[in-house]
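Protein chains in written order, with this note's numbering: chain H, 51 to 273; chain R, 36 to 519.
For every residue, glycine included, the Cβ atom is placed at its ideal position computed from N, Cα and C.
The structure appears right after this line, and notes come after that.
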Amino acid sequence: MNILHFLNTFFSDGANWHGQNGIPHRLLEHLQYSAIALAIAAAIGLPIGLFSGHTGRGGYALSAFATGARALPSFGLLVLMTVWLGELGTTPAMIPLVALAVAPILVTTHEAIRSVDPAPVDAARGMGMTSLSVLFQVEVPVALPLILGGLRSAAIQVVSTATIAAYISLGGFGRYIIDGLASHTYADVVGGAVLVAGLALATIGLFWAIGRLVVSPGVRRGC
Amino acid sequence: MAGNPDAHALSSPRAKLARNDLSTPRRGPTLIRIESVTKRYADGTVAVDDLTLDIPDGSITVLVGPSGCGKTTTLRMINRMIEPTGGRILLDGQDIHQQPVNALRRSMGYVIQNAGLFQHRTIVDNIATVPRMLGWDRGRARKRAMELMERVGLDAGLAKRYPYQLSGGQQQRVGVARALAADPPVLLMDEPFSAVDPIVRKGLQAELLRIQAELGKTIVFVTHDIDEAIKLGNMIAVMRTGGHLAQFAPPDELLSAPADAFVEDFLGTDRGIRRLSFFTSAGLDVTTEPVVTTGADAAGHVLPELPFLLVTDADGKPLGWARAEQGEQPDYADLLPHGRPFVLGRESLRDALDCAVLSPTGWAVAVDGTGRVAGVTSQETIATAIREAHAARKTKPAEPGSAAADPANPAAAEDPVNPAEAADPANPAAAEDPVNPADAADAEAPADTAATETPADTPAAPGPDAPGPDTPDGDAGHPVRATR
Ligand SMILES: Nc1ncnc2c1ncn2[C@@H]1O[C@H](COP(=O)(O)OP(=O)(O)O)[C@@H](O)[C@H]1O
Ligand SMILES: [Mg+2]
């Protein structure tokens with residue numbers, strides 16, 4: 051029994067393509083958890099990172115927070131949240147995912163804004179741009195590749211870690227892995243893992259495309 | 036084309052006032068007045084100490100001094116990038132501290148050392164930044180930006196490029212265009228040309244003088260380079276470490292009468308020679324006696340003190356020096372190079388002297404604006420003219436003391452020989468810009484070939500009031516600026 055055999059078994063099984071436990075449905079669930087977690091994390095991390103980067107305040111607090119957040123075990127948090135909140139829909143699964151994603155978004159955004167060349171910022175202020183315009187018209191466009199990089203690593207981590215949602219009876223690709231382990235159906239375990247890896251790769255591709263679309267050629271410098 | 040700002044470009048009442056000032060002889064109130072200003076940073080450093088400076092309207096004021104003497108701090112207090120800890124700054128008689136900071140900054144162009152372009156925007160959009168901020172629609176802002184690209188000497192083909200695709204010098208031009216885009220009455224420039232190589236810097240300086248001749252902005256220019264200060268400034272404020280003002284004077288006066296040992300030391304050697312740049316060659320005696328057309332009979336042309344004849348082509352352009360003895364025909368096929376001629380009346384006595392010193396015969400060749408020989412002159416004649424120019428200035432009341440007493444009126448101080456012209460209301464450009472930057476630009480233009488270029492080739496498009504090439508600023512004593 052090798053991996054290819056497992057994969058063949060998993061993907062050629064017609065039952066895996068239809069219904070509640072079919073790949074399309076599990077994909078949608080997985081994407082939904084990931085997207086929601088990432089959106090919440092971005093909604094927290096981006097504004098704080100932009101503000102602290104722009105004003106130069108709170109840098110130390112941010113790095114302390116990031117170190118703490120990285121040390122948090124997602125799985126432990128999941129169990130803790132479930133015990134604490136009960137099985138309230140997706141909430142107990144969202145909290146560890148968001149906690150996981152906020153740190154890279156926050157820290158990278160802060161660093162990205164801090165690393166913008168001070169000369170254009172000085173010029174912009176000197177020509178009478180408001181502070182918000184300086185941030186959004188001068189700093190963000192130049193910091194965008196780094197900010198997107200932060201979002202991308204957050205997204206990859208979320209996509210990979212969203213498998214744990216299956217521990218608390220939610221869906222997503224984690225179902226194949228957890229159910230497969232429980233029932234010793236290793237083809238399902240391998241299939242689920244490959245699907246998660248594929249999705250992580252697709253995420254990288256997506257961010258590459260977004261970068262091409264929203265980062266100015268003047269910042270990409272012909273790359 | 037030149038000079039005039041579309042009316043729309045001005046948004047604030049102050050800007051309008053300033054523009055009106057430009058259309059009449061500028062004798063109104065000083066636009067920027069720095070009053071006993073002190074800046075003490077949080078760490079206790081006193082960067083500027085009780086500085087008082089009246090920045091004259093419509094001309095270039097240079098702040099110069101060694102690194103760390105407080106030039107940048109002074110400049111940035113004018114647009115409130117830094118707030119003073121004492122004293123106040125008035126703009127058109129009003130304390131800038133009372134004014135909305137962003138509106139204030141939008142009425143002042145700001146140019147910094149590495150241009151500080153927005154790398155995510157194309158060149159045309161960089162230049163259009165302030166007009167867009169002022170609410171112009173995109174089309175109009177871009178049209179204006181294209182006009183400015185032309186004004187600062189940038190090819191229109193660069194409009195769609197990004198900053199990283201431009202050379203340092205080109206980027207700096209974009210920086211200047213961007214600062215000029217909304218036609219602000221004031222331009223603040225902090226070492227704008229320090230980061231480019233000397234040749235490019237020379238071109239940028241000439242371009243700035245040319246633009247200034249067209250637009251007549253009130254420019255505050257910071258540099259640590261005294262040569263740049265002398266080249267560009269109508270007035271120069273020499274600052275010394277600790278934020279003290281050492282001297283505030285027109286360049287000519289600075290060179291002739293440095294206030295103290297610090298200023299003298301800062302000016303460096305050659306003060307006397309460099310000052311000759313401010314003496315016109317217009318009144319210089321030249322003789323056409325030893326000038327002959329090639330192939331012509333030279334009889335009676337050879338001067339006793341000069342065993343050479345200057346040979347010209349049929350058009351009157353110089354070909355070279357021919358050895359000649361009294362009563363003999365010269366060998367027209369064997370000529371010595373004539374070297375670089377100077378343009379009589381347009382270039383300075385410094386240029387004339389330089390030509391004479393470099394000439395194989397010791398005599399300088401003078402040409403008119405079209406490159407035809409106007410005559411030749413000896414080192415002795417030039418020396419006499421220099422003595423006379425010094426003497427003329429000494430007798431004039433506007434010299435050192437009184438000029439310093441009236442810093443708001445640099446024109447009077449710089450044009451002591453011809454006060455009548457300075458007051459001529461029909462000719463504001465001449466009155467306000469005795470140190471005619473357009474001419475300086477001409478004289479500078481590409482390397483040292485300007486003198487032999489026909490005027491049509493010169494890049495300058497002088498304003499309506501600038502003297503044409505065929506009428507070199509004729510009046511004796513009218514200061515000229517030329518290659519330094
Ligand atoms: N933000 C600041 N905090 C403390 N000291 C400063 C600050 N900016 C400038 N200085 C000090 O003030 C002095 C004048 O600086 P600056 O105006 O930049 O000089 P310049 O432009 O003539 O080189 C220097 O001694 C400099 O170290
Ligand atoms: Mg400085």
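Can you pull the chain H residues whose beta carbon is under 7 Å from the beta carbon of residue i, in chain order?
i	result
R/G151	A169, P170, D172, A173
R/T164	M177
R/A8	No answer is possible for residue 8 of chain R: the residues shown for chain R start at 36 and end at 519.
R/R140	G176, M177, G178
Mind listing the chain H neighbours of residue i? Cutoff is C-beta to C-beta under 9 Å, in chain order.
i	result
R/V257	The contacting residues do not exist; R/V257 stays about 13 Å from chain H at best.
R/R236	None at all; the shortest Cβ gap to chain H is about 18 Å.
R/Q154	D167, P170, P191, V192, S266, G268, V269, R271
Less than 8 Å separating the beta-carbons of residue i and residue j?
i	j	result
H/A191	H/S266	Correcting the residue identity first, residue 191 of chain H is Pro in this sequence and not Ala. Their beta carbons are under 8 Å apart, which means H/P191 touches H/S266 by this criterion.
H/L128	H/Y217	yes
H/A205	H/L88	yes
R/V408	R/V400	yes
R/R310	R/S291	yes
R/G203	R/V159	no
R/S188	R/T323	According to the sequence as given, residue 188 of chain R is Gly; it is not Ser. Not in contact: R/G188 and R/T323 (Cβ atoms no closer than 8 Å).
R/I254	R/I69	no
H/T213	H/G230	no
H/P168	R/L152	no
H/G109	H/H160	yes
H/V345	H/S210	Not covered by the structure: residue 345 of chain H. The range shown for chain H is 51 to 273.
Under a Cβ-count criterion, where at least 16 other Cβ atoms within 10 Å of its own Cβ denotes burial, should residue i be classed as buried or exposed?
i	result
H/W258	exposed
H/S181	exposed
H/T141	exposed
R/F377	buried
R/G436	Here R/G436 scores only 39 on pLDDT, less than 50, and its place in the model is too uncertain to base an answer on.
H/R271	exposed
R/W171	buried
R/E32	Because chain R in this structure spans residues 36 to 519, residue 32 of chain R falls outside the shown range and cannot be described.
R/T87	exposed
R/D389	buried
R/D474	Only weak support is given to the placement of R/D474: the predicted model assigns it a pLDDT of 39, under 50, and the question is left unresolved by the model.
R/E363	exposed
H/T158	buried
H/N66	buried
H/L256	exposed
R/L384	buried
H/D172	buried
R/W398	buried
R/S102	exposed
Nearest CA to the CA of residue i: which residue from the options?
i	options	result
H/S124	H/V239, H/I254, H/G261, H/V152	H/V152
R/Q206	R/P220, R/L223, R/S229	R/S229
R/E360	R/H279, R/L319, R/L215, R/L341	R/L341
R/T405	R/Q414, R/G380, R/D389, R/I421	R/G380
R/V83	R/D92, R/A176, R/H259, R/V72	R/V72
H/L122	H/Q70, H/G106, H/I145	H/I145
R/D127	R/P220, R/L244, R/T329, R/P365	R/P220
R/R179	R/F313, R/L338, R/A212	R/A212
R/E263	R/F301, R/F297, R/G277	R/F301
R/G330	R/T323, R/L344, R/D218, R/T322	R/L344
R/A284	R/P91, R/G79, R/E70, R/D78	R/P91
R/G527	R/E70, R/G277, R/F297	This structure does not reach residue 527 of chain R, given that chain R is present from 36 up to 519, and the question cannot be answered.
R/R140	R/R156, R/Q414, R/M112, R/G188	R/M112
R/T120	R/A357, R/A387, R/D320, R/Y76	R/Y76
H/G176	R/T304, R/G210, R/H373	R/G210
R/C104	R/T157, R/P286, R/N269, R/H279	R/H279
H/I86	H/A143, H/D167, H/G103, H/R107	H/A143
R/Q129	R/P325, R/L215, R/L66	R/L66
R/T328	R/A357, R/D295, R/G307	R/A357
H/S165	H/V188, H/A93, H/L147	H/V188
H/A116	H/M131, H/H104, H/T105, H/I98	H/I98
R/T157	R/P286, R/E249, R/D320, R/M181	R/M181
In chain H, which residues lie with their C-beta within 8 Å of the C-beta of residue i?
i	result
R/I147	A169, D172, A173, G176
R/N137	G178, M179, T180
Report the neighbours of residue i on chain R: residues whose CB is nearer than 9 Å to its CB, in chain order.
i	result
H/P195	Result: empty, since nearest Cβ-Cβ is about 10 Å, beyond 9 Å.
H/R164	Near H/R164 there are no residues of chain R at all, since even the closest Cβ is about 17 Å away, more than 9 Å.
Just checking residue i against ligand 3 - is the residue's beta carbon closer than 7 Å to any of the ligand's heavy atoms?
i	result
R/K106	Here the bound small molecules are ligand 1 and ligand 2; ligand 3 is not part of this structure.
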